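Input: a single structure, listed below in structure tokens.
Below you can see the structure in the form of structure tokens.
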């Protein structure tokens, strides 16, 4: 049992580190942000410049074959690059959906023409992609898609509405799941398309989140014309394409959850007074910090187990479901604990409280979203109980009926 | 990176597991549960004959000289099969104190006897949590007087290592100067005894600073027993949920049941990674050892408590009968979770270690 690189992994890590040293700035804390202080347009330009550099060095898609723009490398190398990159100030989030889901999906199913037109530009960040699956009536029930795509000569006319589309406001393209056959059962009448977000009839409206931010959008499609050459995969086989998109995520080992919250809590509790003693001396606070460590370091160790499997050339198991289930809840519980330690003062707004207090309020306010996005807590528990423990799948009374006959 | 045990270690684990499932059956465990024996001699003998119990005792002292990683996996299988054996007392505590603090003569005298099973040892440290007001052991001119309560396997051990203030002393228990009273244990498969020393001859062993490392070592090994027990409860409960029907279908299909089992699984996986990290720290002598031990114990205690209580619950009424094994796990989880100090103590210790590190 060891946490060391194999000699090959160590050699690759050294090469990556040298490249990063030459091309990026190291970060100092887990909370430092790339492009801090830049306005949106300049941030986007800086992020794209970074991605272009990566793509030119073939680091944009390490496990892809060289002829597809990748490095022809292993999953372990992909993970090593991710780990090293995290030590530098690089854009986080802006390419997450694009390169984590959409572009790999296009690459997997692309016709030669689609590959030529879209993949290289996606890898270099010249085009940014979003993912248009969810709708007001299709969240956890992804198959309940109602956006309609109707044949029109050599192409399709699409009308409908998507919701919770992350990054649509700065995306160029998206992978779009639409219904093409209303007489087939639910998941058998769907087709995947490439949507040009700048096409006539596409309207992107930002969603104002409960946390105050605007990361997501509604996307309204009003008779949007899509050529058949922008169809991904076969007609009515879109569900399989959608499933392949979810499979892409298994290599994002690590996710975007903080794993140092217990240390941040120690810092806060040291500098907060409870009566005439620092809060860090209170047994209740100390107990909850110990509990925070169990989940925080636990998540980090679970990720290491997934990495071990990858390093040996195997597949990680259900680790990512566990990481998300525990990590998202931790944002709520530990963000809340931090605020609680501060009493009324902690309610009063970050500007007055100093740099130690910059993280609790945003973490706590965005926690409800984290527990819902990308698989709700309940869906994850279904996944664990069904796929890991072998328990019966949920009873469905809508799986085989023609979609036209279903209500709601 | 290999955050896992080796293939050879896994092979050993499955051999030990196979043996224990043949020998440490429900009937065998219940034999001890119902007071017909103080421990399962059969199971203990097999664990010794396989060289499993003595995995971490060097060959020079009659052990198998394999290592702590192997002993952790033996512990996991012992926990899974509710083995009613003196692993904690004789191996995790007594052998460890000797290895870490004994003189050359003490090691070469006692370790081979422990490793062969010829003797059983136990240990009693000054308890932090105390209900009864008894006279703490005191050393006077090489003679020990005082009382230690709730000593694991105190009734069957041949000798004990006892803490008297800042010293650890070795006392032979088959002696007129030692009286032992069996105490009813909440887990009768893991008996307890009260030991009263009345000017008992005591041999100096080490100063009590060795106790910290030994308790941390025991914490990690017990965490593997707790892990094994929790895994067994999860498997039993999952199997029951697939078998039992209500309202026309398997109860395992009801979401409340599914989700509760998913939560037990999650708690076990958190406990697993902390136990593994503890195994790594123990076997490499890493500086993180104490912190890893506290985290392993705390997460494993919670996981086993949850699996035992909620697993029994998901069995419905039949889970609450003497004849089902659910309560055997409930009792064992409670015993393991408190025998070297309960969760709150170890939570407090973990907090101290984290907060000091962050300074």
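Protein chains in written order, with the numbering used here: chain A, 1 to 408; chain B, 409 to 767. We put the CB at the ideal spot given by N, CA and C, even for glycine. Computed from a prediction, not measured in an experiment: that's the story for all the values here.
Check, Outcome
"Residue 132 of chain A to residue 164 of chain A span [Cα, whole Å]", "8 angstroms"
"Residue-level contact to chain B via CB, residue 302 of chain A, 7 angstroms cutoff", "yes"
"Amino acids of chain A, ordered along the chain, whose beta-carbon sits closer than 8 angstroms to that of residue 687 of chain B", "1"
"contact_flag[the stretch 674–687 of chain B, the stretch 627–640 of chain B] where n(CB pairs < 8 angstroms) is 3 or more", "yes"
"Under 7 angstroms from the C-beta of residue 759 of chain B: neighbouring residues of chain A", "286, 287, 289, 290"
"Contact residues within the stretch 254–273 of chain A, judged by C-beta distance below 8 angstroms to chain B", "262, 263, 266, 267"
"CB contact check: residue 396 of chain A to chain B, cutoff 7 angstroms", "no"
"DSSP-derived helix/strand/coil call for residue 193 of chain A", "strand"
"Counterpart residues of residue 130 of chain A in DSSP-defined beta bridges", "A:174"
"Any chain A beta carbon closer than 7 angstroms to residue 674 of chain B", "yes"
"Enclosing alpha helix (DSSP H) for residue 23 of chain A [first to last residue]", "7–23"
"Three-way DSSP call (helix, strand, coil) for residue 64 of chain A in this model", "coil"
"Within 7 angstroms, strictly: CB atoms of residue 666 of chain B and residue 322 of chain A", "no"
"Under 8 angstroms by beta carbon: chain C residues contacting residue 326 of chain A", "Absent here is chain C; the protein component of the structure consists of chains A and B."
"Where residue 140 of chain A falls, given that 16 or more other Cβ within 10 Å makes a residue buried", "exposed"
"Through-space distance from residue 523 of chain B to residue 452 of chain B, alpha-carbon basis", "11 angstroms"
"Anticipated Cβ contact below 8 angstroms, residue 588 of chain B with residue 603 of chain B, distance rounded", "5 angstroms"
"According to DSSP, residues forming a beta bridge with residue 160 of chain A", "A:221"
"Simplified DSSP assignment, three categories, for residue 115 of chain A", "helix"
"Chain B residues whose Cβ lies nearer than 8 angstroms to that of residue 166 of chain A", "Those do not exist, as residue 166 of chain A stays about 26 angstroms from chain B at its closest Cβ, beyond 8 angstroms."
"Residue range of the alpha helix (DSSP H) that includes residue 457 of chain B", "449–457"
"Short Cβ contact (7 angstroms threshold) for residue 232 of chain A with residue 171 of chain A", "no"
"Cross-strand partners of residue 597 of chain B (DSSP beta bridge)", "Paired residues: none, contrary to the question."
"7 angstroms CB neighbourhood of residue 508 of chain B in its chain, flanking five on each side removed", "618, 621, 622"
"Own chain residues within Cβ distance below 6 angstroms of residue 245 of chain A, not counting five before or after", "101, 105"
"Where residue 709 of chain B falls, given that 16 or more other Cβ within 10 Å makes a residue buried", "buried"
"Residue 617 of chain B (DSSP reduced to helix, strand or coil)", "coil"
"Interfacial residues, the stretch 64–87 of chain A to chain B, with Cβ spacing under 9 angstroms", "76"
"Spatial neighbours of residue 311 of chain A in its chain, beta-carbon cut-off 6 angstroms, leaving aside the 5 residues before and after", "76"
"Rounded Cβ spacing between residue 741 of chain B and residue 703 of chain B (contact assumed at less than 8 angstroms)", "So it is not a contact: roughly 18 angstroms between Cβ atoms."
"CB contact check: residue 755 of chain B to chain A, cutoff 7 angstroms", "yes"
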